[in-house]
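> One structure, pasted below without further comment.
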Amino acid sequence: MSDSHGSGTEVEFDPTDPKHNQFDLVREGARRDGVEIVHYQPRFAVAGTKREKRIERTIAFLLALTGLSALAFIVIYVAWPYEYEQGYHADKLYTPLLGFTMGVALFSLGAAIIVWVKKLMPEEVSVQDRHDNNPNLDERALTAATIMNMVDETGIKRRPLLKGALALGAAPLGIMAIMPLGALIKDPHPDGETSPLWTTGFKEGVRLVRDDGTPIRPGEVSAGGLETVFPGIPHGTGLKYADSPTLLIHLREEDAAEFKPRKGYENAHYGNYFAYSKICTHAGCPASLFEQQTNRLLCPCHQSQFDVKDSCRPIFGPATRRLPQLPITVDEEGYFVAQSDFREAVGPAFWERP
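With the working numbering, you'll find the sequence shown wraps up at 359, consecutive numbering, no jumps.
Below you can see the structure in the form of structure tokens.
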């Protein structure tokens, strides 16, 4: 590669020549890549002007706002009450506050980058030609010089205020990005505690109740009908036991005669009454549509179908596992009660499930 000096002759450009400054190397590197820098001008001819300092303070403020917002996100994520409570409580603000603080942090960072690029970095116009040249050994020095020049152009070396502000804003923002990962690596049931994935609100003797808390007797569900029931315990119909909704199905006499029980579940039903988890084993949607003529339960979300007469075996759609059956009987007062909790995990599959 050569350098023209206007005399009609071309002089070989030596990247190792100490007479060349960093920008000479950058310009030569761009030229060898077919890029001609036709205009290059610093934003400020004189460093340290009032306008430059004002822009620095603006960027520093935006970066500080980024850090404070990210720090607020972290504090809210860790310390704010998030468990649902009936009525208007602080838990209702958990998700909005996370969204607001994250939004402010990302907006402030983006605004700081835009102001930095538009107001502080030099103006540059370059023209590039397409080429198929292969890089040579000089490319290493030229590329390194280009990268270092980009750092110099940001002015961060001579602007300690922006250097500190960038560190202050970036550190909490990075922590904010990885904070939710803590929930993925924390053991939800340490020290042998029973995993909530395996249990619901039902256990031996717990009554099956409607959403208003009233218990149910045989005969209160018509033949060929069904009723959504919940565990008759405190908060049993609320979100705390969102995995417990169950379908109590009353099969007609001729359909019950064709019922195929699973091994170990021969005595899990009461007469012609059968209880199955309402939560689809595909993605956790409510499998609540009952086709009376065919005795199929349908999940309206992804079209999975379960044959009730065959112990809710999946016969169509993406679900691959039966709906778990709840063993039921009646108590001394004639109300439906659970014989035990579900004997297998309800809902969609997960990696800890055997």
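No residue lacks a Cβ here, since even glycine has one placed at the ideal position from N, Cα and C.
(1) I'd like to confirm the pairing. Which residues does DSSP put opposite residue 133 in its beta bridges?
(2) Please check the pair residue 335 and residue 266, which I expect to be a contact at CB under 8 Å, by giving their CB distance rounded to whole angstroms.
(3) Where does residue 308 sit, in a helix, a strand or coil, going by DSSP?
(4) Roughly how many angstroms lie between the CA atoms of residue 56 and residue 148, to the nearest whole one?
(5) Which residues does DSSP pair with residue 47 in a beta bridge?
(6) For residue 100, does the three-state DSSP call read helix, strand or coil?
(7) Could you spell out where the alpha helix (DSSP H) holding residue 72 opens and where it closes?
(8) Using CA coordinates, which residue listed in 90, 314, 308 and 315 is at the minimum distance from residue 323?
(9) By DSSP's criteria, residue 179 is part of a beta bridge. Which residues make up the other side?
(10) Give me whichever residues DSSP pairs with residue 255 in a beta bridge.
(11) In the DSSP assignment, find the alpha helix (DSSP H) that holds residue 156 and state where it starts and stops.
(12) Alpha carbon to alpha carbon, what distance is there between residue 228 and residue 300?
(13) Name the residue from 131, 298 and 117 whose alpha carbon lies nearest to the alpha carbon of residue 261.
(14) Can you have a look at residue 313 and say buried or exposed, based on whether 16 or more other CB atoms are within 10 angstroms of its CB?
(15) Going along the chain, which residues of its own chain have a beta-carbon closer than 6 Å to the beta-carbon of residue 264, five neighbours each way excluded?
(16) Could you spell out the range, first to last residue, of the beta strand (DSSP E) harbouring residue 319?
(17) In angstroms, rounded to a whole number, what distance separates the CA positions of residue 310 and residue 107?
(18) Just tell me which of 268, 232 and 163 has its CA closest to the CA of residue 256.
(19) Going straight from the alpha carbon of residue 65 to that of residue 75, what length do you get?
(20) Which whole-angstrom value describes the C-beta separation of residue 131 and residue 31, a residue pair presumed to lie in contact below a C-beta threshold of 8 Å?
(21) Would you call residue 51 buried or exposed, if buried means 16 or more other Cβ atoms sit within 10 Å of its Cβ?
(22) Apart from the five residues just before and just after residue 283, which ones in its own chain have a Cβ nearer than 7 Å to its Cβ?
(23) Identify every residue that forms a DSSP beta bridge with residue 334.
With the given structure in hand:
(1) 40
(2) Their Cβ separation, rounded to whole angstroms, is 19 Å, which puts residue 335 and residue 266 out of contact at 8 Å.
(3) coil
(4) 33 Å
(5) Answer is none; residue 47 lacks a bridge partner.
(6) helix
(7) 55-84
(8) 308
(9) In DSSP, residue 179 forms no bridge with anything.
(10) 230 and 278
(11) 144-159
(12) 12 Å
(13) 298
(14) buried
(15) 314
(16) 318-321
(17) 41 Å
(18) 232
(19) 15 Å
(20) No, residue 131 and residue 31 are not in contact; Cβ-Cβ is about 11 Å, not under 8 Å.
(21) exposed
(22) 233, 250, 251, 252, 291, 292 and 293
(23) 342
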